[in-house]
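Going by the numbering used here, the residue at position 92 of the sequence shown is 91; the numbering climbs one at a time, nothing skipped.
The beta-carbon is built from N, C-alpha and C at its ideal position, and this holds for glycine as well.
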Amino acid sequence: MRLGVLDVGSNTVHLLVVDAHRGGHPMPMSSTKATLRLSENLDDAGCITPEGAAKLTKTITEFASIAKTSGCVELMPFATSALREAANSDDVLAQIRSRAGVDLRVLSGVDEARLTFLAVRRWYGWSAGRILNLDIGGGSLEMSNGCDEAPDAALSLQLGAGRLTRDWLNGDPPGKRRVAVLRDWLDAELVIPAKQLLAVGRPDLAVGTSKTFRSLARLTGAAPSAAGPRVRRSLTSSGLRQLIAFISRMTAADRAELEGVSSDRSQQLVAGALVAEASMRALSLDTLEICPWALREGLILRKLDTDLGSDPGPGSTRPIGVPGPTEAVSG
């Protein structure tokens with residue numbers, strides 16, 4: 000069965016086409032991306048601008064057409080924090096539905112954490128024991144911890160790399176003082192979430208997902224993407240500290256020249272590194288394993304497991320799956 004997953008994030012719109020069947024390994028067939036920086040197309044009232052909504056609608060129309068010509072039997076479109084938090088989210092969703100013919104499901108932050116955790120669990124298997132997962136997006140940080148396929152604790156915090164860059168690191172380079180202030184602020188913000196996450200148990204395996212973690216791992220010596228997804232990659236706290244000292248003195252243009260850093264994400268790299276560092280420090284983690292699967296794969300796996308028969312229709316924000324003991328969203 001060929002499926003298309005359309006991911007509308009804070010930075011990019013990404014269409015992933017896979018061949019998949021229940022019990023099998025989803026095989027990527029094609030990947031198409033467009034950088035829209037939706038989270039930066041907001042007015043003072045927190046609404047997505049008409050220009051931003053028009054660009055998004057046009058991109059989704061084009062990507063839906065690509066999915067159709069690629070032979071997808073179903074398109075699974077979803078949106079994360081940028082649309083979730085926009086003051087005019089309903090209007091933008093209605094525009095997309097009317098003009099592009101696509102119903103976007105807006106995932107809650109907890110949905111994101113839980114679906115990503117499912118993907119990580121399937122990648123590492125039951126032998127990994129208790130898994131703790133961190134995922135840094137443009138608008139939010141998702142954290143989860145559990146022994147099964149559904150986490151015992153799932154948290155979503157407004158600590159995304161793009162958000163923190165806009166709010167804290169306006170300079171280019173950001174400046175030593177601003178980096179130090181943000182470090183202290185992150186430490187304070189993560190005290191309670193870390194306690195909540197560890198209250199359900201200490202992990203046997205700590206994992207990082209998302210483009211941010213993959214980039215940070217590559218910059219600290221992990222194998223390039225060309226080596227394939229099954230090569231072990233990791234990120235250490237000591238390597239991360241050294242990296243921050245280096246990249247925080249560079250301009251965004253200079254960071255974009257580094258291997259593994261795309262030009263559209265170079266501006267957010269320092270903030271992403273600081274969030275990763277603070278999270279590892281709060282959770283007393285020395286090393287994170289880098290998992291190639293994340294939210295999109297989790298959505299595919301959930302689809303294959305349940306055929307979404309018990310899930311709400313597109314556009315719903317009702318959590319997917321069975322609620323866990325600890326679920327929280329920080330506003």
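In the DSSP assignment, find the unbroken beta strand (DSSP E) run with residue 30 in it and report its ends. For the purposes of this step, residue 30 is identified with residue 31 of the sequence shown, where counting begins at 1. Residue 30 -> beta strand (DSSP E) spans 26 to 34.
Tell me the start and end of each unbroken alpha helix (DSSP H) in the stretch 63 to 128 that is at least 4 residues and wholly inside, in chain order. For the stretch 63 to 128, whole alpha helix (DSSP H) runs of length 4 or above, ordered along the chain, are 80 to 84, 88 to 99, 108 to 123.
Verify whether the separation of the beta carbon atoms of residue 137 and residue 237 is less than 8 Å. Indexing the sequence shown from 1 puts residue 137 at position 138. Indexing the sequence shown from 1 puts residue 237 at position 238. Not closer than 8 Å, so no.
Locate the beta strand (DSSP E) running through residue 253, then write down its first and last residues. As a first step, residue 253 is located in the sequence shown; it is residue number 254 there, counting from the start. Per DSSP, residue 253 belongs to no beta strand (DSSP E); it is in the alpha helix (DSSP H), 251 to 254.
Would you verify that the beta carbon of residue 67 is, or is not, closer than 8 Å to some beta carbon of chain D? In summary, chain D is missing from the structure at hand, where a single protein chain is found.
Residue 12, DSSP secondary structure in three states: For the purposes of this step, residue 12 is taken as the residue at position 13 of the sequence shown. Correct three-state label for residue 12: strand.
Indicate the three-state DSSP secondary structure (helix, strand or coil) for residue 284 in the structure shown. Position 285 of the sequence shown holds residue 284. Three-state DSSP puts residue 284 in coil, outside helix and strand.
Give the range of the beta strand (DSSP E) segment to which residue 297 is assigned. Here the question's residue 297 lines up with position 298 in the sequence shown. Segment 294 to 305 is the alpha helix (DSSP H) holding residue 297; no beta strand (DSSP E) there.
Whose C-alpha, out of 158, 214, 211, is nearest the C-alpha of residue 188? For the purposes of this step, residue 188 is taken as residue 189 along the sequence shown, with counting starting at 1. Of the listed residues, the one whose Cα sits closest to residue 188 is 158.
Looking at C-alpha atoms only, which residue of 287, 40, 14 is the closest neighbour of residue 233? Here residue 233 is taken as the residue at index 234 of the sequence shown, counted from 1. Of the candidates 287, 40, 14, 287 places its Cα closest to the Cα of residue 233.
List, from N- to C-terminal side, the alpha helix (DSSP H) runs of 4 residues or more that fit wholly inside the stretch 190 to 222. Counting only runs of 4 or more, we get 190 to 197, 210 to 218.
Leaving out five residues on either side along the sequence, give the residues of the same chain with a beta carbon under 7 Å from the beta carbon of residue 331. Residue coverage of the chain in this structure runs from 0 to 330, which leaves residue 331 outside it and unanswerable.
Quick one: what does DSSP say residue 18 is sitting in, helix, strand or coil? For the purposes of this step, residue 18 is identified with residue 19 of the sequence shown, where counting begins at 1. Note: residue 18 maps to strand in three-state DSSP.
In whole angstroms, give me the CA-to-CA distance for residue 58 and residue 225. Walking along the sequence shown from the start, residue 58 turns up at place 59. Walking along the sequence shown from the start, residue 225 turns up at place 226. One C-alpha to the other measures close to 28 Å.
Report, in whole angstroms, the separation of the C-beta atoms of residue 300 and residue 118, which I expect to be a contact under 8 Å. Mapped onto the sequence shown, residue 300 falls at position 301. Mapped onto the sequence shown, residue 118 falls at position 119. Between residue 118 and residue 300 the Cβ distance is about 6 Å, and since that is below 8 Å, they are a contact.
Classify residue 76 as buried or exposed, calling it buried when 16 or more other Cβ atoms lie within 10 Å of its own Cβ. As a position in the sequence shown, residue 76 is number 77, starting the count at 1. Here residue 76 is buried: its Cβ has 16 or more other Cβ atoms, across all protein chains shown, within 10 Å.
Within 10 Å of its beta-carbon, does residue 125 have 16 or more other beta-carbons around it, so buried, or fewer, so exposed? As a working note, residue 125 is residue 126 in the sequence shown. It is exposed - the Cβ of residue 125 has fewer than 16 other Cβ atoms within 10 Å.
So, helix, strand or coil for residue 186, using DSSP? Within the sequence shown, the letter at position 187 stands for residue 186. Three-state DSSP puts residue 186 in a helix.
Residue 6 in three-state terms, based on DSSP: Working through the sequence shown from its first residue, we reach residue 6 at position 7. Note: residue 6 maps to strand in three-state DSSP.
Given 8 Å as the limit, is there contact between the stretch 75 to 93 and the stretch 107 to 121, that is, 3 or more CB pairs closer than that? Counting Cβ pairs under 8 Å, three or more are found: they touch.
Between 142, 211, 244, which lies nearest to residue 281 when the distance is taken from Cα to Cα? As a first step, residue 281 is located in the sequence shown; it is residue number 282 there, counting from the start. Considering only alpha carbons, the answer is 142.
Assuming residue 171 and residue 251 make a contact with CB atoms under 8 Å, what is their CB distance in whole Å? Working through the sequence shown from its first residue, we reach residue 171 at position 172. Working through the sequence shown from its first residue, we reach residue 251 at position 252. Rounded, the Cβ-Cβ distance is 6 Å, consistent with contact.
Assigned secondary structure, residue 148 (DSSP; H/G/I helix, E/B strand, else coil): The residue given as residue 148 occupies position 149 in the sequence shown. Of the three classes helix, strand and coil, the one that applies to residue 148 here is coil, per DSSP.
Just reading off the alpha helix (DSSP H) that residue 158 is part of, what are its end residues? The residue given as residue 158 occupies position 159 in the sequence shown. Here residue 158 belongs to no alpha helix (DSSP H), and DSSP marks it neither H nor E.
Out of 195, 272, 175, state which residue places its alpha-carbon closest to the alpha-carbon of residue 153. Translated into the one-based positions of the sequence shown, residue 153 becomes position 154. Ranking the options by Cα distance to residue 153, first place goes to 195.
Expressed to the nearest angstrom, what Euclidean distance is found between the alpha-carbon atoms of residue 177 and residue 246? On the sequence shown, residue 177 is found 178 positions in, with the first residue counted as 1. On the sequence shown, residue 246 is found 247 positions in, with the first residue counted as 1. Going from the Cα of residue 177 to the Cα of residue 246 covers about 14 Å.
For the alpha helix (DSSP H) that contains residue 237, what are its first and last residues? Along the sequence shown, one-based indexing puts residue 237 at 238. Run containing residue 237: 236 to 246, per the alpha helix (DSSP H) assignment.
Can you list, in chain order, the residues of its chain whose CB lies under 7 Å from that of residue 173, leaving out five sequence neighbours each side? Taking the sequence shown and counting its residues from 1, the one referred to as residue 173 is at position 174. Closer than 7 Å at Cβ, skipping near neighbours: 247, 269.
Among the residues of its own chain, which have a CB less than 6 Å from the CB of residue 116, if the five just before and after it don't count? Taking the first residue of the sequence shown as 1, we reach residue 116 at position 117. When the five nearest sequence neighbours on each side are left out, the beta carbons in the same chain lying within less than 6 Å of the beta carbon of residue 116 are those of 132, 143, 150, in order along the chain.
Which value, in whole angstroms, describes the spacing of the CA atoms of residue 279 and residue 190? Along the sequence shown, one-based indexing puts residue 279 at 280. Along the sequence shown, one-based indexing puts residue 190 at 191. Residue 279 and residue 190: Cα-Cα distance of roughly 12 Å.
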